Amino acid sequence: MRLFYSAIAACLAACLATGVAAAQQPLKVYISVDMEGIAGVVTADQLLPTGFEYERFRGFMTAETNAAIQGARDAGATAIVVSDSHGNGENLLIEQLPSDVTLVRSWPRPLTMMEGIDSSFSAAVFIGYHASTTSPAGVRAHTFSSANFTSVELNGVPIPESGLNAAIAGRFGVPVVAISGDDIAVHETQQMISGIEGAVVKRAISFHAAATMTPTAAQALIRSTVRDGVKKRASIKPYVLATPVRLDLSFKNYRPAELLTYLPGVQRVSSHTIRFVGKDITDVSRFIEFVTNYQPDLAP
């Protein structure tokens, strides 16, 4: 009988230890933040440092990021990495972020808008995202470069930035659980990722017009949406692409397509389109980062 009770005690102790260990596991959330999908953003007046409203909208972008952080914490997040992923990558007001958050800034980055993510994260969130360059609607719709690209395809399918970024998260087994932006951007992503929570903070009227929520209302919606998404993370599958990954990149002009085929492994498939095949999405990410950032006169 004494042996029986000893066995029961040992079993209970083991279960308790397992429960404590699980409770102590960090719940890490990765938040990638763009600016075109922030409430109220419609033109370069809000998006570029030269715009007369840019400084104010940096504040709104930061406030929506903080709302997402709080929503993740409401759902139990214990560690958060934020990626400043718009323009020069130096938009978020760092002093207004919580002191225990890690911020990724500036370029270039091998994983572009998802730099710093790995398999230790439990969920990813997209804030302020916009529609793809192949979309006929959406405020400031583009994919990576509104000045240069007319289409970005992965494995033969046109994708928005949320598609490539979700695939990077999926490469590490991390589901994307929530997105905010205009109605077109949210719908595009929900078509790719079943179950993802969406915060529609404005309705697209045209490329440079929207019917928008106010900043305070948008922040409240984002907080509750991110909370709900992180809570249901176990039911959302990571977005994983079949490998190898084929990238088809179409340019507005002839010369970039012509010159990039001088690189080994790059094929020109039409006058404006090149093809690159990577072993996985991280290879593709590095290639896109090269294409969008390389200049022969780079210094230092």
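Under numbering that gives the first Met the number 0, the first residue of the sequence shown is numbered 0, with each subsequent residue one higher.
For every residue, glycine included, the Cβ atom is placed at its ideal position computed from N, Cα and C.
Bear in mind that the values here come from a model prediction, so they are computed numbers and not experimental data.
Which residues mark the beginning and the end of the beta strand (DSSP E) in which R267 is found? 265 to 267
At what residues does the beta strand (DSSP E) containing R274 begin and finish? 272 to 277
Between R232 and the rest of its own chain, which residues show a CB-CB distance below 7 Å, the 5 nearest in sequence each way excluded? S121, A122, P174, V176
Count the other CB atoms within 10 Å of the CB of P295; is the residue buried (16 or more) or exposed (fewer)? exposed
In three-state DSSP terms, what is I287? helix
Starting from D247, follow the alpha helix (DSSP H) in both directions and report where the run begins and ends. That residue, D247, is in no alpha helix (DSSP H); its beta strand (DSSP E) goes 244 to 250.
Give a yes or no on whether the minimum CB-CB distance between S105 and chain D is below 8 Å. Of the chains in the structure shown, none is chain D; there is only one protein chain.
Other residues of its chain near H207: CB distance less than 6 Å, five sequence neighbours each side excluded: V41, T42
Exposure of A20, with buried meaning 16 or more beta-carbon neighbours within 10 Å: Unreliable placement is indicated for A20, whose pLDDT of 45 sits below 50; the coordinate value is still reported in the next sentence. Its Cβ having fewer than 16 others within 10 Å, A20 is exposed.
In this structure, does DSSP put R139 in helix, strand or coil? coil
Could you compute how far the alpha carbon of H271 sits from the alpha carbon of L297? 25 Å
What is the DSSP secondary structure of R226, reduced to helix, strand or coil? helix
Range of the contiguous alpha helix (DSSP H) that encloses E196: Taken as a continuous stretch (DSSP letters only), E196 belongs to no alpha helix (DSSP H), being part of the beta strand (DSSP E) at 196 to 205.
Residue range of the unbroken alpha helix (DSSP H) whose run includes S185: Reading the sequence as shown, one finds Val at residue 185 and not Ser. V185 -> alpha helix (DSSP H) spans 182 to 191.
Quick one: residues in its chain with C-beta nearer than 6 Å to the C-beta of E152, no 5 flanking neighbours on either side, listed in chain order? D247
Provide the residue(s) that pair with V175 in DSSP beta bridges, ordered along the chain. A123
Cross-strand partners of K27 (DSSP beta bridge): A78
So who's on the other strand from D83, going by DSSP bridges? V32
Assign P295 to one of three DSSP states: helix, strand, or coil. coil
Run the CB neighbour count on G63, radius 10 Å, all protein chains shown included, and call it buried at 16 or more, exposed below. Residue identity differs from the one stated: residue 63 is Glu in this sequence, not Gly. Buried.
Mind reading off the beta-carbon distance from A209 to V138? Whole number of angstroms is fine, and I expect it under 8 Å. 5 Å
For A21, which of helix, strand or coil comes out of DSSP? In this prediction, A21 scores a pLDDT of 48, lower than 50, which makes its location untrustworthy; the coordinate-derived value is nonetheless stated afterwards. Three-state DSSP puts A21 in a helix.
Round the Cβ separation of L259 and V290 to the nearest angstrom and send it over; I've been treating them as touching at under 8 Å. 7 Å
Going by beta-carbon coordinates alone, are V28 and I79 separated by less than 8 Å? yes
Suppose the cutoff is 7 Å on Cβ atoms and the five residues either side in sequence are ignored; what does the same chain contact list for D97 look like? Reading off the sequence shown, one finds Pro at residue 97, where the question assumed Asp. Counting only Cβ-Cβ distances below 7 Å, and skipping sequence neighbours, we find I68.
Quick check: the region 176 to 196 against the region 275 to 287, are there 3 or more CB pairs under 8 Å? no
Whole-Å CB distance - V124 paired with S82, under 8 Å assumed: Actually they are not in contact, since the Cβ atoms of V124 and S82 sit about 10 Å apart, beyond 8 Å.
Spatial neighbours of N292 within its chain, please: C-beta separation below 7 Å, excluding the five flanking residues on both sides. W106, P107
Report the residue from L46, V200, R222 whose alpha carbon sits nearest the alpha carbon of G88. L46
In or out: D99 buried (at least 16 other Cβ within 10 Å) or exposed? exposed
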